[in-house]
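> One structure, pasted below without further comment.
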Amino acid sequence: MKTLPYTESHLAFRSRLRQFLKSEVTPHVDQWEKDHMIPREIWRKMGRAGFLCTSVPEEYGGLGLDFLYSVIVNQEMARTNHAGLMAYLHSDIVVPYILSYGLEVQKKKYLPGCINGDIVTAVAMTEPDSGSDLASMSTSAEEIDGQVVINGNKTFISNGFHCDLVILAAKDPLVKSPHKAVSLYIVEDGTPGFKKGNLIEKMGMRSQDTAELFFNDCRIPKDNLLGQKGAGFVQLMKKLQQERLLVAILAVSMARNMLDWTVEYCRHALQNQEPMTKSQATRFALVEMETELKVGTAFLNDLVMAHMENEDVTAETSMAKYWCSEKANEVANRCLELVGRKSASEDCPIVRMWRDVRIHTIFAGTNEIMKNIIAKSMKL
Amino acid sequence: MKTLPYTESHLAFRSRLRQFLKSEVTPHVDQWEKDHMIPREIWRKMGRAGFLCTSVPEEYGGLGLDFLYSVIVNQEMARTNHAGLMAYLHSDIVVPYILSYGLEVQKKKYLPGCINGDIVTAVAMTEPDSGSDLASMSTSAEEIDGQVVINGNKTFISNGFHCDLVILAAKDPLVKSPHKAVSLYIVEDGTPGFKKGNLIEKMGMRSQDTAELFFNDCRIPKDNLLGQKGAGFVQLMKKLQQERLLVAILAVSMARNMLDWTVEYCRHALQNQEPMTKSQATRFALVEMETELKVGTAFLNDLVMAHMENEDVTAETSMAKYWCSEKANEVANRCLELVGRKSASEDCPIVRMWRDVRIHTIFAGTNEIMKNIIAKSMKL
Amino acid sequence: MTYSLDKSQKAIQKAAFEFAKGEFDGDAARESDQKGIFPEVTWSKAAELGFIGIHHPEKYSGGGLGHLEHVLIAEVFTTSDSTLGAAIMLAGLASEWIVQFGTDTQKKMLLPEIYEGRKKTGIALDGIPLGNNDDGVSFKNENSSDHSLITGELKHVINGKDAEIVPVLCYHFEGGRLTDKCSMLLLDGKSPGITMGKEYSLLGLRATGMTSYFLKNVGSNHIHIFTPKDNQLLKIQSAFYLLMAALALGTAQGAFDRAMAHVKDREQFGKKLAGFQVIQHKLARMALQIEQSRCLTYIAANHADSKKVDTKMPVMANLAATKTAVEVSYESIQLLGGYGYTTEYDVERCYRDAKALQILSGHEHELLDQVSAGLIGRLHK
Amino acid sequence: MTYSLDKSQKAIQKAAFEFAKGEFDGDAARESDQKGIFPEVTWSKAAELGFIGIHHPEKYSGGGLGHLEHVLIAEVFTTSDSTLGAAIMLAGLASEWIVQFGTDTQKKMLLPEIYEGRKKTGIALDGIPLGNNDDGVSFKNENSSDHSLITGELKHVINGKDAEIVPVLCYHFEGGRLTDKCSMLLLDGKSPGITMGKEYSLLGLRATGMTSYFLKNVGSNHIHIFTPKDNQLLKIQSAFYLLMAALALGTAQGAFDRAMAHVKDREQFGKKLAGFQVIQHKLARMALQIEQSRCLTYIAANHADSKKVDTKMPVMANLAATKTAVEVSYESIQLLGGYGYTTEYDVERCYRDAKALQILSGHEHELLDQVSAGLIGRLHK
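Residue numbers (the numbering used here), protein chains in the order written: chain E, -17 to 362; chain Z, -17 to 362; chain P, 309 to 689; chain U, 309 to 689.
So, in structure tokens, the structure goes:
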């Protein structure tokens, strides 16, 4: 059966990364989860070890590696069983905005810091009153005296506490069409009028920083416009494909980890004085989950290849995002049931995954939004 | 997104086949379904047109084509919306036994007729008291006076009425181990002591001939042994992979046809004075089915390629067989619900597919057997 | 609150069980299914014993009892045989329309004929106020006078082939606009001016011949003009959904019983199928699903009897029971393996009948629309 | 048969509703969840008002009513708040053991303390005869004499952190073999010889602190030796499954109510979320699932009250209700979108509490084993 075409270099990279995570991340994860926070320093460590922004070209100090490296980072991060160090968001979702739309001067200014971990990035789209409905956003960006003045609130911003740089979507109030009014701006932490709110407490992803961001007469230079004025909507849509693909990959990786752990548990745990895997019902449950994951992985692999070849796979990516995130939650629920009473406790590692994976059907566009996109592509 | 690597020749073959079926099969299908029978002649027509046993090498009068041609035949037959002319059973399940295990003399004798449709074949494994449990079969084959004497009943034999040649699994009563007692024999129609029973009436596949076969002191020459004596169990197991793969492909093809028909129906049928596709619930239902089929097809495509490269994909084939057959039935049930009252009538073409596809979770090894095989492969 | 059947209800259940056991015949049922034959004799015997119209007023020869009793009979009948049971119970269905909209004369004349097994009824699904309008109401009285002549097509008449009374609500046009006034025609396939259309070959419920009627200048001498009240339409809906739910419930139970008997009898790999854990769990899940649908259906019927106006419960019971019937009979086929796919073992017939019950109950999305409308109420901006 | 609540039952429901409305506080609940705090004050008020032990005999200060009333209270409480409601109701759970196995003195002394809110109880899950033996019964009395000293570990004590009475059935060994004789220890974390183990950090139900007890030479002076009858064990099981089912039912309803309020309030793409068909249908399906579980749970409780011995119904009700709770609260999170994932909007807490109720009710496969054993009976070769 086919897998992704990993080369020796990919495998060596994976093994180095695994080593890094084993020594620098995994031992601290339980503490970070308790703290509801990761230390700022771990971003720098990861950057300096060469595991952030692997796709940034060498001319900006990056490694210029292909998307499979991003897949590997995503999978290996999932194995650490925490979501705090949200590297894929920084490396493969936010930084690509700068890479794709930034002026040379912007790239030179920010990319090296993004790569070495000095700069942590976030993207700010969602607002308290506009979740899935991006067109209804109300944060404004007005040109006044050669500056851009920003007013509005953003919410559910991942990396919202640590971020040094925010890619902000805001509307020019003078432009009527909501689709042509949105532009993207780079806002640096510390800019007067830009304030980070308290952390949002969540069901899972507890070590991960999600926050509201407040912009109150926040003035930034005109040069902080990212790409064409009024192109924000299209820019966002284009970048969502990779984001959703990564979310799907992460969901399947988490499901894989949960299932593997559960298989191992059932091999050893006793029920009626026998290993649980002697129970036919348990065997079938494990078989069904293994099958779903194998089937989903085949689709995902095709999709990764098509994405790397720059095919338009908007519909398929939306399919993967919704299907994989639902399946991952099903797997999570079934694994907990199989493990039984032991899984009532947070000591059981798959409990944290069960909590963390719940967001996957919601973020990067809810699954309902995914289905709308697919319906359009089917011309329904 | 990747598809199977069809060449120009494959596409031309598909188009010729589609033309043939359009003129020789489709117009008669409704009548055949009413008759609960297809005419013997259609086998000859299909054979003479070059669409049977496409994989048999040229030295035996075949075309020596690859497995993708078998996939194409399977898919195109599904589009005729009937199961009577069960070409894949003959071409890609039974005849391969002769091809793989037959002596040169047996191949020379039978293959040309198999190719041109003069000989229709069947395989006889299942018995009234041994369904999934092959080891418990009781049909006996004893050597007496240089002949082999067969006694026993077989049931659920597809092509059981039309077959001119049966590959029969029977046990030597002198061998104790059930796994070493089974051998395969070629039994020709007309052999004294071999009788075909009445057709078995079924929920679906109504134009298809399923029958019991009776062997009562049926004497065949010793030379009719197919392959090694006592190797029957292993021979059967080996050939089941391709059978199950074809069943999975057929199930997905049927689901694809049902869904496509339903999408088209919902585009045009009105509900509350609007096309049904205006209903969000209908759109989502169609999207969900489209997604499941795309995901399943990706897995199936990988599997076809692996099968063509002779990989051991026993577990994956079992996964495909059970998963695809379940999904196809889900799609069938959902499509009927979407179409609504119109689908209460047999005039609605997807009703027949709904009836026909129900057997897919049962034949070629029930889905429960599939899960047992997968569980073993997972070392549970 | 007591949540169990009382003595008289248990007696009715038992009587229905004994009747079905004595009168329903497997061979006859399979023949009915194959050839589309209505079980004439069994139906009239059932009517004689009071199994039709048990929930309707005694003064019209009904049983004077409730929907719950009606549900119990329907359930027992289809448990015994889904095809025969449904055909018999559906033959009385149109009495709901006559009870609601008939004149006193019509009630006195027709209801006893239905309950006593002298006349079978049919229902034009397009005429049911069930929101099932994917084909539109294809038939309307274009004239408001008492002696209008009606021409048109009536699709999807359940039991239309055998019915002698088919009530059709005709909404009146005035000045080219549909009004809320209507009259009820009482047709049958032999009425002058009516040509019976092609019989639909149904996927299930084949003892109940569905057909269409072509009407040409049909005189509507029975007409009395009225405005249907929401309440009356709701009662018909409720009775329809409950009956279909009960038929589905029994169909599920019947499939389950057959599968249970099979797995307790058949051996594979040296032990009874019922000895395998996954088969045990499949049975447990099926039983649980049936029990949930049963509880809901009984309670919905009980609410209908206690005159509670609840639009949601009968629809919910119907959604639950028909889904259960389809899924349980699907699994029953699986439990019988190859045998399950043959007509001889009956579970495939349960599956087809279950699917037909589900489809003919109404479009799932429209049923869900009804439930959610009841839940959400009016939305304010 | 009447299938609706009577006046007194409705009054109890209403009283429970008023109590929860007045006393359950969202901020307190979230704090209880985050820090694992038992709602001491609310619990004792609830007990004062008679909400604990309503189904137990009046002579021991119980309410003298039935399981159905107990179920109704539990459902209303968790509808209002899953964490607080479950904590309060679970604090009375051990009274089932004392009612069945306690001496008359124990009953007279302890039951009033439990019902009147003076003592909280806990339950060692390993000691429940529920077939939950994946960890085995880790604790046994190795000596049959009256004054044995017991050493061992008691895992998974629900409410063990706060409980003052934890009954444990100790089966006796004689000649190295386990007998069917047992005695009931009544422990608490402060009993001499007991060390409380680490508190489990639960995924849900976090106001109910689960812990383990380490026993070292605990004197069993309360011992009276008896042989538990199947009937007694079944009654405990039944009470346990019914309570868990009711708590789950309310948890589902509470999540549903919160989601409904949200979609009726929030706009996207220019209309209320509740105006979208797929959201309407999601709500309809959730409501249907809740209604089915409710009907089954009420009927199961009613059967228990009418002294029917039915091993399957309470297990089925539990399987259905806990599954419903998990699925409905899962979907509720979805309906709230990003807000649903935050602790502020409570539905994520419903989901965690639902999952904890499901897991602590017992291993799904073992529950299904019980149901199918009841269905299939003994198999004959």
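Cβ coordinates follow ideal geometry from the N, Cα and C atoms, glycine included.
Everything numeric in this text was worked out from a predicted model, so none of it was measured.
Near Ala346 (chain E), which residues of its chain fall below 6 Å by C-beta distance, leaving aside the five closest residues on each side in sequence?
Cβ neighbours of Ala346 (chain E) beyond the five flanking positions: Glu225, Arg226, Val229.
> Quick one: is Phe49 (chain E) near chain Z, going by C-beta distance under 8 Å?
It does not: the Cβ of Phe49 (chain E) has no partner Cβ on chain Z nearer than 8 Å.
> Does any CB atom of chain P fall closer than 8 Å to the CB of Ala336 (chain U)?
It does not; no Cβ of chain P falls within 8 Å.
> Going residue by residue through the region 363 to 430 of chain U, where are the continuous alpha helix (DSSP H) segments of at least 4 residues, counting only ones entirely within it?
Runs of the alpha helix (DSSP H) inside the region 363 to 430 of chain U: 375 to 388, 390 to 398, 403 to 409, 412 to 423.
> Does DSSP classify Arg660 (chain U) as helix, strand or coil?
Arg660 (chain U): helix per DSSP, three-state reduction.
> Just to confirm my understanding: we take Arg514 (chain U), look at its own chain, exclude 5 residues before and 5 after, and list those with CB closer than 6 Å. What are they?
Asp341, Gly344.
> Going along the chain, which residues of the region 239 to 267 of chain Z sit with their C-beta nearer than 8 Å to a C-beta in chain U?
Going along the region 239 to 267 of chain Z in chain order, one finds Ser261, Gln262, Ala263, Phe266 with a Cβ nearer than 8 Å to chain U.
> Is DSSP giving Leu362 (chain E) helix, strand or coil here?
Coil.
> Would a check of beta-carbon distances place Gln576 (chain P) closer than 8 Å to chain E?
False, the Cβ-Cβ gap to chain E never drops below 8 Å.
> How many angstroms separate the CA atom of Ile473 (chain P) from the CA atom of Ala399 (chain P)?
Their backbone Cα atoms lie some 10 Å apart in a straight line.
> If you follow the beta strand (DSSP E) that Tyr167 (chain Z) is part of, which residue opens it and which one closes it?
Where Tyr167 (chain Z) is concerned, the enclosing beta strand (DSSP E) stretches over 164 to 170.
> Determine, using beta carbons only, whether His375 (chain P) comes closer than 8 Å to chain U.
With 8 Å as the cut-off, His375 (chain P) does not count as an interface residue toward chain U.
> Could you check whether the region 316 to 329 of chain Z touches the region 173 to 193 of chain Z, counting it as contact only if at least three pairs of C-beta atoms, one from each stretch, sit closer than 8 Å?
Output reads no: the region 173 to 193 of chain Z does not touch the region 316 to 329 of chain Z.
> Between the beta-carbon of Lys654 (chain P) and the beta-carbon of Gly334 (chain P), is there less than 8 Å?
Checking the sequence, you will find Asp at residue 654 (chain P) rather than Lys. In this structure, Gly334 (chain P) lies closer than 8 Å to Asp654 (chain P) by Cβ.
> Cβ of Leu668 (chain P) within 8 Å of Cβ of Ile466 (chain P)?
It is a contact, given that the beta carbons lie within the stated cut-off.
> Return the chain-ordered ranges of every alpha helix (DSSP H) run that is complete within the region -14 to 69 of chain E and spans a minimum of 4 residues.
List check, alpha helix (DSSP H) in window: -10 to 6, 11 to 17, 22 to 30, 49 to 61.
> With a CB to CB cut of under 7 Å and the five nearest residues on each side skipped, what residues in its chain are close to Ser453 (chain P)?
Confidence at Ser453 (chain P) is low in this model, with a pLDDT of 49, below 50, so the placement of that residue should be treated as unreliable; the coordinate-derived value is given next. Correct list: empty, nothing qualifies.
> By a C-beta neighbour count over all protein chains shown, 10 Å radius and 16 as the cutoff for buried, is Thr375 (chain E) buried or exposed?
Beyond the ends of chain E as shown, which are -17 and 362, falls residue 375 (chain E); an answer cannot be given.
> What are the residues in the region 587 to 619 of chain P lying within 8 Å of chain B by C-beta distance?
Going by chain labels, chain B is absent from the structure shown, which instead holds the protein chains E, Z, P and U.
> Could you tell me whether any Cβ in chain Z is nearer than 8 Å to the Cβ of His673 (chain U)?
Judged by the 8 Å Cβ criterion, His673 (chain U) is not in contact with chain Z.
> Contact criterion: CB-CB distance below 8 Å. Does Met(-17) (chain E) meet it with respect to chain Z?
True, the Cβ-Cβ gap to chain Z drops below 8 Å.
> Using only alpha-carbon positions, find the residue among P:Asp538, P:Gly512, P:Leu511, P:Leu495 that is nearest to Asn525 (chain P).
The candidate whose alpha carbon is nearest that of Asn525 (chain P) is P:Leu495.
> Do you know how far the Cα of Leu376 (chain U) is from the Cα of Lys427 (chain U)?
So the two alpha carbons sit approximately 24 Å from each other.
> Where in the region 57 to 145 of chain E do unbroken runs of the beta strand (DSSP E), each at least 3 residues long, occur, reported from the N-terminal end onward?
The region 57 to 145 of chain E contains these whole beta strand (DSSP E) runs: 103 to 106, 122 to 126, 129 to 140.
> With C-beta atoms as the reference, is Trp305 (chain E) less than 8 Å away from Val269 (chain Z)?
No, Cβ-Cβ distance for Trp305 (chain E) and Val269 (chain Z) is not below 8 Å.
> Taking a contact to mean a Cβ-Cβ separation below 8 Å, would you say Gln313 (chain E) touches Leu282 (chain E) in this structure?
Note on residue identity: the sequence assigns Val, not Gln, to residue 313 (chain E). Their beta carbons are not under 8 Å apart, which means Val313 (chain E) does not touch Leu282 (chain E) by this criterion.
> DSSP has Lys579 (chain U) in a bridge; who is on the other side?
Its beta-bridge partners are U:Gln576.
> Could you compute how far the alpha carbon of Ser52 (chain E) sits from the alpha carbon of Ile75 (chain E)?
About 10 Å.
> Using 8 Å as the limit for Cβ to Cβ distance, is Glu663 (chain P) near chain Z?
With the sequence shown as reference, residue 663 (chain P) is identified as Lys, and Glu is not the correct amino acid for it. True, the Cβ-Cβ gap to chain Z drops below 8 Å.
> With 8 Å set as the bound, which would you pick, yes or no: does the beta-carbon of Gln642 (chain P) sit closer than that to a beta-carbon of chain E?
No, its Cβ sits nowhere closer than 8 Å to a Cβ of chain E.
> Should Ala346 (chain E) be counted as a contact of the ligand ADP given a C-beta to heavy atom distance under 7 Å?
Judged by which ligands are present, the structure shown has none, so any question about the ligand ADP falls away.
> Can you give me the Cβ contacts of Val679 (chain P) inside the same chain, cut-off strictly under 7 Å, excluding the 5 residues immediately before and after it?
Cβ neighbours of Val679 (chain P) beyond the five flanking positions: Lys620, Val623, Met624.
> I'd like to check one pair, Cys658 (chain P) with Ser637 (chain P): are the Cβ atoms closer than 8 Å?
Yes, the pair counts as a contact, with Cβ atoms nearer than the cut-off.
> Comparing C-alpha positions only, which one of E:Glu6, E:Arg249, E:Glu124, E:Ala267 sits nearest to Asp199 (chain E)?
Residue E:Glu124 is the option with its Cα nearest to Asp199 (chain E).
> Among U:Asn610, U:Asp565, U:Lys416, which one has its Cα closest to the Cα of Ala595 (chain U)?
The shortest Cα separation from Ala595 (chain U) among U:Asn610, U:Asp565, U:Lys416 belongs to U:Asp565.
> Cβ of Glu404 (chain U) within 8 Å of Cβ of Leu557 (chain U)?
No, these two residues do not count as a Cβ contact at 8 Å.
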